[in-house]
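> So the sequence shown is residues 1 to 768, counted in UniProt numbering.
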Amino acid sequence: MSSDDDSDDVPIADLKRKAAPPAKPGAKRKKESEKKPAATSRKRKAEDEDVSSSKVKKKKTATTASSKNNKKPAAAKNTKKKNPPSSPKKTTNGAPKRVKELSQLQRVDEAIKAFEWWTVPELPEGQVFRTLEHNGVQFPPAYEAHGVKLVYDGEPVDLTPEQEEVATFFAQVPEDGPQLSESGGQRDIFQKNFFADFKKILGRGHKIKSFQKLDFSNIRAHHERLRAAKKAASDAEKKEAKAQRDAEQLKTGYALLDGRLQKVGNFRMEPPSLFRGRGKHPKTGTLKRRVDPERVAINVGPSNAPPRCDIPGHAWGSVQHDDTVTWLSSWHENVMSQNKYVMLAANSSLKGKSDYAKFEKAQQLKGCIDRVRRDYRANLESRDSRTAQLATTMWLIDVYALRVGGEKGEDEADTVGCCSLRVEHFTFGQGGISDVVLEFLGKDSMLFKQTIDFSSNESGTIVYDNIRRFCESKRPQEQVFDTISPPELNAHLSSIMPGLTAKVFRTYNASETLQNELPPASAMKKLDTVNAKLVAYNEANRTVAILCNHQRTVSQSTQAGLEQLAEKLETFKSQKKDLQDWMGKKKIPLHSGEDPASAAQEAVDAAKQLKNSAKSVEDKIAATQAAEKASAQRREAQKLKLLEAHKFTKHPEKKDIEKRIAAWTEKIKKCEIDLRNKNENKEVSLGTSKANYCDPRISVAWCKRCDVPIERIFPKTLLDKFAWACSVDGDWRFEALPIKKKGTTPPDDEDDDDDDDDDDDDDDDDDD
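#1: Does the pairing of the region 332-348 with the region 256-267 give three or more beta-carbon distances under 8 Å?
#2: Does Phe216 come out as helix, strand or coil in the three-state DSSP assignment?
#3: Skipping 5 residues on each side, what residues in its chain have a beta carbon closer than 6 Å to that of Arg130?
#4: Cα separation between Gln638 and Trp724?
#5: Buried or exposed for Pro486, going by 16 or more other Cβ atoms inside 10 Å?
#6: What whole-angstrom Cβ distance do Met497 and Ile739 have, given they're in contact under 8 Å?
#7: Within the continuous beta strand (DSSP E) that includes Arg276, where are the two ends?
#8: Leaving out five residues on either side along the sequence, give the residues of the same chain with a beta carbon under 7 Å from the beta carbon of Leu105.
#9: Taking the continuous alpha helix (DSSP H) assigned at residue 769, which residues delimit it?
#10: I'd like the list of long-range same chain contacts for Glu478, defined as Cβ closer than 6 Å, with 5 residues on each side in sequence excluded.
#11: For the beta strand (DSSP E) containing Glu492, list its first residue and its last residue.
#12: Label Asn516 either buried or exposed according to how many other C-beta atoms from any shown protein chain fall within 10 Å of its C-beta, with 16 as the threshold for buried.
#13: How is the beta strand (DSSP E) around Gln450 delimited, first residue to last?
#14: Kindly indicate which three-state DSSP category Thr392 falls into: helix, strand or coil?
#15: On the DSSP letters alone, give me the boundaries of the beta strand (DSSP E) that Phe440 sits inside.
#16: If you follow the beta strand (DSSP E) that Tyr152 is in, where does it begin and where does it stop?
#17: Measuring CB to CB, does Ala171 end up less than 8 Å from Ile621?
#18: Locate the alpha helix (DSSP H) running through Val423, then write down its first and last residues.
#19: Can you look up His321 in the DSSP assignment and give me helix, strand or coil?
#20: Do the CB positions of Leu514 and Ala540 come within less than 8 Å of each other?
#21: Using only alpha-carbon positions, find the residue among Gly279, Ala736 and Ile484 that is nearest to Glu512.
#22: Do you know offhand how far Gln212's Cα is from Gln163's?
#23: Counting Cβ pairs closer than 8 Å, one from the region 708-718 and one from the region 555-574, do we hit at least three?
#24: Output yes or no for whether 8 Å exceeds the beta carbon distance between Asn379 and Leu365.
#25: Tell me which residues share the same chain as Ala536 and place their Cβ nearer than 6 Å to its Cβ, disregarding the 5 neighbours each side in the sequence.
#26: Taking the alpha-carbon positions, what's the Ser52 to Lys704 distance?
#27: Give the DSSP-derived three-state secondary structure of Glu628 in the structure shown.
#28: What's the C-alpha gap between Asn135 and Trp316?
#29: Got a sec? Which residues, its chain only, sit under 8 Å from Thr649 by beta carbon, not counting five neighbours each side?
#30: In the structure shown, what three-state DSSP assignment does Pro156 receive?
#31: Opposite Tyr254 in the DSSP bridges: which residues?
#32: Between Ala607 and Ala627, which are expected to be in contact by the criterion C-beta below 8 Å, what is the C-beta distance as a whole number of angstroms?
#33: Return helix, strand or coil for Gln138, following the three-state DSSP convention.
#34: Opposite residue 770 in the DSSP bridges: which residues?
#35: If you follow the beta strand (DSSP E) that Val342 is in, where does it begin and where does it stop?
#36: Could you tell me if Asp14 is buried or exposed, where buried requires 16 or more neighbouring beta carbons within 10 angstroms of its beta carbon?
What follows is the structure, encoded as structure tokens:
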């Protein structure tokens with residue numbers, strides 16, 4: 001005989017498969033009486049939920065609008081209704097749809113997202129963590145010599161592996177790039193710096209004496225072959241390489257912070273190379289030396305053991321147990337002679353706390369911005385030069401969102417900020433107060449050039465007179481604000497508001513501008529598509545980017561894409577005109593029935609299959625070239641297909657033509673919106689302000705008010721970074737906050753975009 005207990009040994013999946021027939025009312029009541037304890041438990045649970053919900057309602061009623069903006073981010077709410085379990089989705093042929101399996105890395109990342117750090121109590125002031133464990137850094141592989149000869153004065157030269165590696169670094173630099181091309185303007189300094197370091201590697205007495213006699217063509221050709229072979233890698237080879245990278249990330253790319261898994265940002269040590277820098281850098285071409293473990297300092301928790309150094313015969317330079325800093329590893333790099341750090345990733349709790357504190361500080365500035373402005377307006381007319389210069393720089397930083405700037409050495413890029421502006425950066429035109437051009441290279445050597453109309457701003461006339469006075473009797477290379485420095489400016493700001501620095505102004509002004517420029521929800525209701533609402537958002541975002549001077553260079557691919565989109569728009573307009581002309585006609589041109597894109601796709605698939613089956617490198621390169629040619633033919637075939645897209649396969653009725661005209665009208669409208677959006681934003685970097693300066697809660701709340709998916713505003717990296725902001729309600733506002741007396745702000749982990757470090761090179765790892 002079987003009993004109810006027999007089911008304990010039956011797998012749950014088997015029990016689910018045994019679907020019982022509908023029970024009779026009597027039987028149902030009997031079963032319910034047998035399960036009475038469970039029902040009682042459910043009733044008690046429901047009563048508990050009613051009590052807790054009533055408490056929440058009472059608390060919510062008492063909450064004011066200002067306190068809503070003052071609270072920490074709430075835990076994410078699950079407002080979705082629970083739907084009954086549905087049957088597995090099926091494909092068109094009736095087979096069950098295959099569920100996408102997550103990789104091991106993806107599963108780890110999903111597990112990390114489950115931790116809501118903003119719901120955890122804060123640590124004591126000054127303490128960043130209790131425990132910290134990690135596996136150090138991932139070092140680049142040792143150099144493998146290729147044996148290709150460097151030619152000097154027409155003769156091949158034997159080099160040691162170390163010497164060959166440095167020569168290969170130079171051969172890898174594109175001859176038409178900004179470092180070696182004539183138009184780049186850096187070739188001479190790049191070659192000079194490289195050869196100075198190359199001679200040190202060669203040593204005294206080496207036959208190589210002149211850079212002009214060097215011929216890197218053999219090594220350059222070898223490098224091009226390796227690039228072509230890498231590009232021609234089969235799918236299996238690419239999969240194997242990815243598996244290797246994933247294994248490295250699983251080993252070194254994660255840390256345990258207070259027992260919680262966190263992603264590490266730049267866990268791969270920077271490989272040796274030639275320093276390139278940003279803009280016209282005086283140290284471009286300098287050799288970035290290989291970093292050994294002995295140059296690396298490791299930081300772990302007070303009670304945690306340091307990671308093991310996996311390179312045989314080596315050990316870490318030092319180990320410390322400091323729970324007041326945010327870095328995991330550090331080393332001293334040789335080019336700029338400065339410390340660099342391995343930090344947790346942008347979506348980590350430490351970075352999230354830093355971001356939250358940064359925007360909270362900006363809200364505190366909003367609460368006392370009037371006091372700050374009264375201070376510098378009162379001091380603008382001071383007879384004391386230092387006081388007047390402090391007030392003038394504060395006005396420029398507040399009104400034009402300039403970075404504070406700092407002194408630069410001769411071996412650093414000539415980039416400036418407000419405090420380091422020189423006389424040569426101001427041009428006083430014939431128009432007087434309304435015709436002053438301010439032009440200089442800012443962070444990342446981005447040009448700031450703007451004609452300033454001082455008469456259009458409050459106190460602008462006094463500021464204009466001050467700048468003219470500060471520039472008098474000075475040479476062009478002398479500083480305008482020569483009696484103050486950034487530390488002195490920040491000290492004065494802190495005397496007005498505790499913790500206030502010049503950096504906070506950019507965050508405050510960017511956030512305040514975005515909130516003011518975003519159109520209200522009532523205006524968005526008149527727009528019928530999400531794309532139209534995105535254009536409105538981007539217009540507000542662009543205003544912020546222009547304020548902060550966030551520019552970008554228009555690449556060739558971007559320009560080509562815009563031209564293709566414009567061509568596509570003209571095609572749609574021409575096709576709509578054809579459709580309108582066909583109305584009422586008995587004879588119209590019909591579709592040819594041909595699909596040139598289909599044949600071109602077959603050629604692409606065949607070339608890809610050929611590449612995967614190729615054995616030798618030469619065959620793979622040839623197959624890759626064939627695939628590129630087939631892809632180009634496919635693009636041309638798709639253009640031909642588009643030219644016939646509006647035609648019918650048989651003579652249409654009037655209603656069919658009207659329906660297609662309506663469809664083409666929507667295509668034209670969408671294409672016009674896309675083209676306008678991309679054209680207006682092609683020279684402006686919208687992502688920088690979203691990632692670093694604008695409070696993300698402004699965008700989240702606006703999206704909720706205007707029914708715009710937040711995924712259309714924030715890419716995945718920013719959604720992960722700003723998970724703490726995604727739970728705010730649609731009525732959240734960037735409002736003033738009271739100044740906190742004591743340290744609820746965690747130690748700053750260096751805002752990558754705010755600081756005035758212009759010397760990071762292109763080889764640095766990036767998290768986003």
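For every residue, glycine included, the Cβ atom is placed at its ideal position computed from N, Cα and C.
Here's the rundown:
#1: The way I'd put it, the region 332-348 does touch the region 256-267; three or more beta-carbon pairs between them come closer than 8 Å.
#2: Reading the sequence shown from its first residue, position 216 is the one you call residue 216. Coil at Phe216, not helix or strand.
#3: In the sequence shown, the residue the question calls residue 130 occupies position 130. Its chain contains Asp258 as the residues whose beta carbon lies nearer than 6 Å to that of Arg130, once the 5 sequence neighbours on both sides are disregarded; these appear in chain order.
#4: Numbered from its first residue, the sequence shown carries residue 638 at position 638. Numbered from its first residue, the sequence shown carries residue 724 at position 724. Gln638 and Trp724: Cα-Cα distance of roughly 44 Å.
#5: Taking the sequence shown and counting its residues from 1, the one referred to as residue 486 is at position 486. Per the 10 Å Cβ criterion, buried.
#6: As a first step, residue 497 must be located in the sequence shown, where it is residue number 497. As a first step, residue 739 must be located in the sequence shown, where it is residue number 739. Yes, they are in contact, since the Cβ atoms of Met497 and Ile739 sit about 6 Å apart, within 8 Å.
#7: Translated into positions along the sequence shown, residue 276 becomes position 276. First-last for Arg276: undefined, no H or E at that position.
#8: Residue mapping note: residue 105 aligns to position 105 of the sequence shown, counting from 1. Asp246, Gln249 and Leu250, listed in sequence order.
#9: Since the first and last residues shown for the chain are 1 and 768, residue 769 lies out of range.
#10: Counting from 1 along the sequence shown, the entry for residue 478 is found at position 478. Within the same chain, Glu478 has close Cβ partners Val423.
#11: The count along the sequence shown starts at 1 and reaches residue 492 at position 492. It is worth fixing the name first, because residue 492 is His in this sequence and not Glu. Counted as a single uninterrupted DSSP element, the stretch harbouring His492 is not any beta strand (DSSP E) but the alpha helix (DSSP H) occupying residues Pro486 to Ile496.
#12: Position 516 of the sequence shown, counted from the first residue, corresponds to residue 516. By the neighbour-count criterion, in which a residue is buried when 16 or more other Cβ atoms sit within 10 angstroms of its Cβ, Asn516 is exposed.
#13: Along the sequence shown, one-based indexing puts residue 450 at 450. It spans Leu447 to Ile452 - the beta strand (DSSP E) in which Gln450 sits, taken as one unbroken run.
#14: The sequence position of residue 392 within the sequence shown is 392, counting from 1. Thr392: helix per DSSP, three-state reduction.
#15: Along the sequence shown, one-based indexing puts residue 440 at 440. Here the beta strand (DSSP E) through Phe440 covers Val436 to Leu441.
#16: By 1-based counting over the sequence shown, the position of residue 152 is 152. Here the beta strand (DSSP E) through Tyr152 covers Leu150 to Tyr152.
#17: Numbered from 1 along the sequence shown, position 171 holds the residue referred to as residue 171. Numbered from 1 along the sequence shown, position 621 holds the residue referred to as residue 621. No, these two residues do not count as a Cβ contact at 8 Å.
#18: For this step, residue 423 is matched to residue 423 along the sequence shown. Counting along the chain, no alpha helix (DSSP H) covers Val423, and no H or E run does either.
#19: In the sequence shown, counting from the first residue as 1, residue 321 sits at position 321. DSSP places His321 in the coil class of the three-state scheme, outside both helix and strand.
#20: Here residue 514 refers to the residue found at position 514 when the sequence shown is read from its first residue. Here residue 540 refers to the residue found at position 540 when the sequence shown is read from its first residue. In this structure, Ala540 lies closer than 8 Å to Leu514 by Cβ.
#21: On the sequence shown, position 512 is the one that residue 512 refers to. Looking at the Cα atoms, Ala736 is the closest of the given residues.
#22: The residue given as residue 212 occupies position 212 in the sequence shown. The residue given as residue 163 occupies position 163 in the sequence shown. Distance between the alpha carbons of Gln212 and Gln163 is about 18 Å.
#23: Counting Cβ pairs under 8 Å, fewer than three are found: no touch.
#24: Position 379 of the sequence shown, counted from the first residue, corresponds to residue 379. Position 365 of the sequence shown, counted from the first residue, corresponds to residue 365. No, the Cβ-Cβ distance between Asn379 and Leu365 is not below 8 Å.
#25: Taking the sequence shown and counting its residues from 1, one reaches residue 536 at position 536. Excluding the 5 residues flanking it on each side, Ala536 has same chain C-beta neighbours closer than 6 Å at Pro519, in chain order.
#26: Working through the sequence shown from its first residue, we reach residue 52 at position 52. Working through the sequence shown from its first residue, we reach residue 704 at position 704. Any reading at Ser52 is ruled out, since the residue's pLDDT is 42, under 50, leaving its predicted position unreliable.
#27: Numbered from its first residue, the sequence shown carries residue 628 at position 628. Helix at Glu628.
#28: Indexing the sequence shown from 1 puts residue 135 at position 135. Indexing the sequence shown from 1 puts residue 316 at position 316. Rounded to the nearest whole angstrom, the C-alpha separation of Asn135 and Trp316 is 12 Å.
#29: Start at 1 with the first residue of the sequence shown, and residue 649 comes out as number 649. Excluding positions up to five away in sequence, the list reads Leu590, His591 and Gly593.
#30: The residue you call residue 156 lines up with position 156 of the sequence shown. Note: Pro156 maps to strand in three-state DSSP.
#31: Taking the first residue of the sequence shown as position 1, residue 254 is located at position 254. As a beta-bridge residue in DSSP terms, Tyr254 pairs with Lys263.
#32: Working through the sequence shown from its first residue, we reach residue 607 at position 607. Working through the sequence shown from its first residue, we reach residue 627 at position 627. 4 Å between Cβ atoms; contact.
#33: Numbered from 1 along the sequence shown, position 138 holds the residue referred to as residue 138. It is a strand residue.
#34: An answer regarding residue 770 cannot be provided, because it is not within the stretch 1 to 768 covered by the chain.
#35: Counted from its first residue, the sequence shown places residue 342 at position 342. Per DSSP, the unbroken beta strand (DSSP E) holding Val342 starts and ends at Gln338 to Val342.
#36: As a first step, residue 14 must be located in the sequence shown, where it is residue number 14. Annotation note: pLDDT 43 at Asp14 (below 50); position unreliable, coordinate value reported separately. Burial call: exposed.
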